[in-house]
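In the numbering used here, the protein residues as written are 2 to 164.
What follows is a short report on a single structure.
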Amino acid sequence: MTESHTARRTVLAAGAAALAGGTLAACGGGEKKPATEPSAPSAPSAPSAAASAPAASSPVASAPPQAAKPLVDSSKVPVGGGTVLKEAKLVVTQPTAGSFRCFSAVCTHEGCLVNKVADGTIDCPCHGSKFQVADGAVAHGPARRPLEEKQITVAPNGEISLA
2 MTESHTARRT VLAAGAAALA GGTLAACGGG EKKPATEPSA PSAPSAPSAA ASAPAASSPV
62 ASAPPQAAKP LVDSSKVPVG GGTVLKEAKL VVTQPTAGSF RCFSAVCTHE GCLVNKVADG
122 TIDCPCHGSK FQVADGAVAH GPARRPLEEK QITVAPNGEI SLA
């Protein structure tokens, strides 16, 4: 009877390890490897069956990327200024006609969201930091680091999206 309890525990442990490994693989974006339990050589069929279950969810994790959702139309971004996109936590600027840049709207000083673009700067309301619309560089502290730049594309119809 001890022998059957050991085999049952081994099978259950191997199955649990395979399921846990599959769950972690589904959550991670990295390389997918089947989970195996080195101490369970006596029950190869249980891990194989459990390891194949996460493969069923892999098409969802590896679905082809969709087209980027437009952030804003270029006509809404004034020349020499910009537009704060609060929900996306981004700022799109147009330093010169036809030249668009995009930055994180999170201030590098204390993490507040910038709230406006005026007089050539992107302004943070919390402590007065200001950043240049052309490159996100600090124009006025207390922030010491520039805003993080994001890559964008401008479609022929004027829609601006993250690259």
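Beta carbons: idealized from backbone N, C-alpha and C, even for Gly.
Going by alpha carbons, who is nearest to residue i out of the options?
i    : options                   : result
V118 : G112, E111 and P126       : P126
L114 : G121, F132, D120 and N158 : F132
R102 : H128, P143 and I123       : I123
H110 : V73, T94, A144 and V85    : A144
P79  : P96, E149 and L148        : P96
A98  : F104, H141, R146 and K77  : K77
D120 : A140, G112 and H128       : A140
Please look up how many angstroms separate the CB atoms of residue i and residue j, rounded, as I've assumed it's under 8 Å.
i    : j    : result
V155 : G82  : 16 Å between Cβ atoms; not a contact.
V93  : I161 : 6 Å
Roughly how many whole angstroms lie between the Cα atoms of residue i and residue j?
i    : j    : result
A164 : Q152 : 5 Å
G137 : K70  : 23 Å
N116 : S75  : 19 Å
A62  : S100 : In this prediction, A62 has a pLDDT of 41, which is less than 50 and means its spatial position is unreliable; what the coordinates show is noted afterwards. If I take the Cα positions, the gap works out to 36 Å.
A159 : L91  : According to the sequence as given, residue 159 is Gly; it is not Ala. Rounded to whole angstroms, G159 to L91 spans 18 Å at the Cα level.
S130 : P157 : 34 Å
C108 : K87  : 13 Å
S105 : G142 : 17 Å
For the beta strand (DSSP E) containing residue i, list its first residue and its last residue.
i    : result
S76  : Here S76 belongs to no beta strand (DSSP E), and DSSP marks it neither H nor E.
L91  : L91 to T97
K117 : K117 to A119
R102 : S100 to S105
L163 : E160 to L163
D124 : T122 to D124
G137 : Unbroken run through G137: none, as it is neither H nor E.
T1   : Residue 1 lies beyond the residue range present for the chain, which begins at 2 and ends at 164; the question has no answer from this structure.
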